[in-house]
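Q: If you use this note's numbering, the sequence shown corresponds to residues 45 to 225, in order.
Have a look at this one.
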Amino acid sequence: NLTFYEQYKAGTLDIHEFLDFQLKPLSRHSRKTLDEWHRQFMRESVLPMITQQARDLVDRHLAASDVCVIITATNSFVTAPIAREFGVEHLIATEPEHRDGEFTGRVADVPCFREGKIIRLENWLAARGWSLDSFAGSTFYSDSLNDLPLLCKVKYPVAANPDETLRAHAERNGWRIINLR
């Protein structure tokens with residue numbers, strides 16, 4: 045797991061190899077058991093990490109009637125409850141394949157990672173008759189150099205708690221840098 049994290053930080057992660065590692069365990073347990081574990085994970089690990097600054101940022105976008113979408117490489121099993129916690133209706137995440145209500149351990153669609161985020165976002169927008177140009181402005185927040193493809197595509201890229209490489213890129217390009225901790 046540490047090896048994958050180091051590869052992620054370096055921008056060298058093989059997403060398919062990682063997803064094989066990450067999603068296989070989902071196929072070894074019933075959905076009921078996984079859902080119970082996830083509720084515990086939310087209570088004990090996720091909720092304590094959500095800062096008031098992050099909640100306030102999302103709330104400002106929602107109050108402005110912005111179309112808010114969480115787009116993440118993390119799989120939807122993990123992230124859907126987090127999106128609900130923030131009150132965000134739309135989630136584009138890596139989709140684990142499931143059959144008869146149980147996970148197979150494989151990915152179901154284009155992984156939502158690097159250029160895959162653009163593909164998944166453009167497909168999501170097209171399904172609604174939109175494109176990024178449909179909006180006066182599009183903002184994307186990220187902490188990772190792996191999101192440079194999408195950050196470079198939106199009108200308002202924002203580096204949020206950025207890693208060192210993303211911070212340097214943001215500074216060179218005059219992007220906003222914010223701290224949500």
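C-beta: ideal position from N, C-alpha, C; glycine also.
Every value quoted in this text rests on a predicted model; they were computed, and no experiment measured them.
Sorted by chain position, which residues of the same chain lie with C-beta nearer than 6 Å to leucine 57's C-beta, five sequence neighbours on each side aside?
A: Within the sequence shown, the letter at position 13 stands for residue 57. Around leucine 57: Gln51.
Q: In the DSSP assignment, find the alpha helix (DSSP H) that holds phenylalanine 121 and state where it starts and stops.
A: Numbered from 1 along the sequence shown, position 77 holds the residue referred to as residue 121. Residues 120–130.
Q: Suppose contacts are defined by Cβ-Cβ distances below 8 Å. Is serine 74 in contact with glutamate 146 by that definition?
A: What you label residue 74 is simply residue 30 of the sequence shown in a count that begins at 1. What you label residue 146 is simply residue 102 of the sequence shown in a count that begins at 1. Against a cut-off of 8 Å, the Cβ pair of glutamate 146 and serine 74 comes out as a contact.
Q: Which whole runs of the beta strand (DSSP E) in the region 122–200 are 3 residues long or more, in chain order?
A: DSSP runs (the beta strand (DSSP E)) wholly in the region 122–200: 134–138, 140–143, 146–151, 183–186.
Q: Is the beta carbon of arginine 225 less than 8 Å from the beta carbon of asparagine 205?
A: The residue labelled residue 225 in the question sits at position 181 within the sequence shown. The residue labelled residue 205 in the question sits at position 161 within the sequence shown. Yes, the pair counts as a contact, with Cβ atoms nearer than the cut-off.
Q: Can you give the beta carbon distance from leucine 210 to leucine 189, rounded, assuming they're within the 8 Å contact cut?
A: The residue you call residue 210 lines up with position 166 of the sequence shown. The residue you call residue 189 lines up with position 145 of the sequence shown. Contact flag correct, Cβ pair sits at about 5 Å.
Q: Roughly how many angstroms lie between the CA atoms of glutamate 88 and aspartate 79, to the nearest whole one?
A: Walking along the sequence shown from the start, residue 88 turns up at place 44. Walking along the sequence shown from the start, residue 79 turns up at place 35. For glutamate 88 and aspartate 79, the distance between alpha carbons rounds to 14 Å.
Q: If you reduce the DSSP assignment to three classes, tell me which class alanine 203 lands in.
A: Within the sequence shown, the letter at position 159 stands for residue 203. Looking at alanine 203 - three-state DSSP - the assignment turns out to be strand.
Q: Looking at C-alpha atoms only, which residue of Leu46, Lys68, His142, Glu133 is the closest neighbour of serine 109?
A: Your numbering for residue 109 matches position 65 in the sequence shown. Measuring from the Cα of serine 109, the nearest candidate turns out to be Glu133.
Q: For threonine 116, which residues does DSSP report across the bridge?
A: The sequence position of residue 116 within the sequence shown is 72, counting from 1. Threonine 116 pairs with Ala137.
Q: Rounded to a whole number of angstroms, what is the C-alpha to C-alpha distance between isoleucine 115 and phenylalanine 157?
A: Start at 1 with the first residue of the sequence shown, and residue 115 comes out as number 71. Start at 1 with the first residue of the sequence shown, and residue 157 comes out as number 113. Their backbone Cα atoms lie some 9 Å apart in a straight line.
Q: What residues in its chain sit with their C-beta under 8 Å from that of tyrosine 200, if we drop five residues either side in the sequence?
A: If you number the sequence shown from 1, residue 200 lands on position 156. Gly181, Ser182, Thr183, Phe184, Arg220.
Q: Are aspartate 187 and aspartate 207 close, meaning C-beta to C-beta below 8 Å?
A: One-based indexing of the sequence shown puts residue 187 at position 143. One-based indexing of the sequence shown puts residue 207 at position 163. Result yes, Cβ atoms of aspartate 187 and aspartate 207 sit closer than 8 Å.
Q: Going by CA-CA distance only, name the one from Ala127, Asp100, Val122, Arg104 that's closest to valine 113.
A: Counting from one through the sequence shown, the residue named residue 113 turns up at place 69. For valine 113, the nearest C-alpha among the options comes from Ala127.
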